[in-house]
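Everything below concerns the one structure shown next.
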Amino acid sequence: MADTPAARASAPAGQSFEYRLQRTPVGVVLLDADLTIRSVNPVAMRLLAPPGQRLAGVDILSLHPDEAREKVAFLIERARTSADGTSSLVVTTAMGSLIAKISRLEETPDGPVEGFCMMIHALAEAPVMGRSQADDADVQVDGLSVAGEAAMKALCPLMKLPLVQGKGDLISLIDVNEVVCLVAQGHYAEARTLGFSAFCPRPLADLERRLDPALFVRVHRRYLVNIRHVRAATREDGAWHLVMADTARTRVPVSRGKVEAIRRLLAV
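Under full-length UniProt numbering, think of the first position of the sequence shown as 1, with each following residue one higher.
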């Protein structure tokens with residue numbers, strides 16, 4: 001079929017496996033045998049590291065909280081010991097399915113392990129998978145488009161929030177309206193609801209981009225609050241705090257640069 005604008009426009013309608021595969025962003029991480037990071041591609045850098053942070057030489061397990069570290073270590077160990085040197089894990093989140101694959105790297109058959117290659121495939125029907133109407137792509141080679149920064153941020157809005165409690169494999173989904181506030185915990189977040197708190201396997205910056213900005217407001221570098229669940233605003237020694245509606249009545253600090261905007265929003 002000729003590569004015309006009309007042909008490209010009709011391609012998504014079929015949702016062929018080849019079409020989706022071509023437009024699936026893939027994060028790639030190369031690990032040494034001791035699990036320290038050797039190098040990463042730009043997609044993995046955006047997934048794993050805050051802006052400006054180096055990943056080379058960092059233990060891959062140290063980037064994950066305790067709840068996820070055990071699963072990542074198990075995945076790598078399976079690749080280290082399996083006959084074909086590979087392992088994979090499917091994780092279901094509110095944005096779709098993520099597939100993490102590990103391959104063992106060695107110079108000779110049955111030789112010592114030289115390292116590992118980790119690949120993260122985001123198999124979600126989101127704008128990040130394809131090209132935007134503005135043809136936003138950094139590189140296009142043989143029909144493959146590498147999503148630009150704008151496309152990476154154009155993720156579908158969240159209707160459900162993925163939560164993990166305990167060390168089980170079950171990921172539960174709750175309505176985002178039930179979330180009182182989100183607290184940054186390293187590269188992930190803690191979600192606090194009216195009745196409980198749980199680990200959320202998404203970074204706070206990603207959640208902020210995908211939640212309704214009319215309801216979820218970044219009041220501090222570590223806190224994203226649901227304005228509907230603010231019960232009080234207090235001022236002590238010149239510092240403002242929001243008192244949330246959860247059972248712990250969480251006190252959320254408000255950054256100085258956010259005070260005036262929050263006061264206008266809450267009419268206080």
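From the three backbone atoms N, C-alpha and C, an ideal C-beta is built for every residue, glycine too.
Integer Cβ distance of L182 from L204, believed to fall under 8 Å: 6 Å
Between the CA atoms of E77 and L48 - distance to the nearest angstrom: 21 Å
Residue burial classification, P213 (beta-carbon count within 10 angstroms, cutoff 16): exposed
Element boundaries [beta strand (DSSP E), containing M244]: A239 to M244
Exposure label - L266; buried when at least 16 CB within 10 Å: exposed
Continuous beta strand (DSSP E) assignments of at least 3 residues falling wholly in the segment 25-60: 26-32 and 37-40
Cβ-Cβ distance between R192 and V180 below 8 Å: yes
Reference H64, options P201, L194, L158 and R38, closest by Cα: P201
Three-state class that DSSP yields for T81 in the structure shown: helix
Beta-carbon proximity list for R249, same chain, < 7 Å, skipping 5 on both sides: V243
First through last residue of the alpha helix (DSSP H) which encompasses A261: V259 to L266
Local conformation of H121 per DSSP, three classes: strand
One or two residues paired with R192 in a DSSP bridge: C181 and S197
Where A248 sits in the DSSP three-state scheme: coil
Identity of the residue in I120, I37, A233 and E70 nearest P25 by Cα: I120
DSSP-derived helix/strand/coil call for R218: strand
Alpha carbon of R228 to alpha carbon of V217, nearest angstrom: 10 Å
Nearest-angstrom Cα separation, counted from W240 out to E70: 39 Å
L158, DSSP secondary structure in three states: coil
Extent of the continuous beta strand (DSSP E) to which L224 belongs: Y223 to N226
For V164, three-class secondary structure by DSSP: strand
Any chain C beta carbon closer than 8 Å to A248: This model lacks chain C altogether; it includes just one protein chain.
Range of the contiguous beta strand (DSSP E) that encloses D212: Element bounds for D212: n/a, residue is neither H nor E.
Residues that I171 bridges to, as DSSP identifies them: V164
The beta strand (DSSP E) enclosing T234, as first and last residue numbers: V230 to E236
Contact check, I60 vs L30, beta carbons under 8 Å: no
Sub-8 Å separation of S88 and I99 beta-carbons: yes
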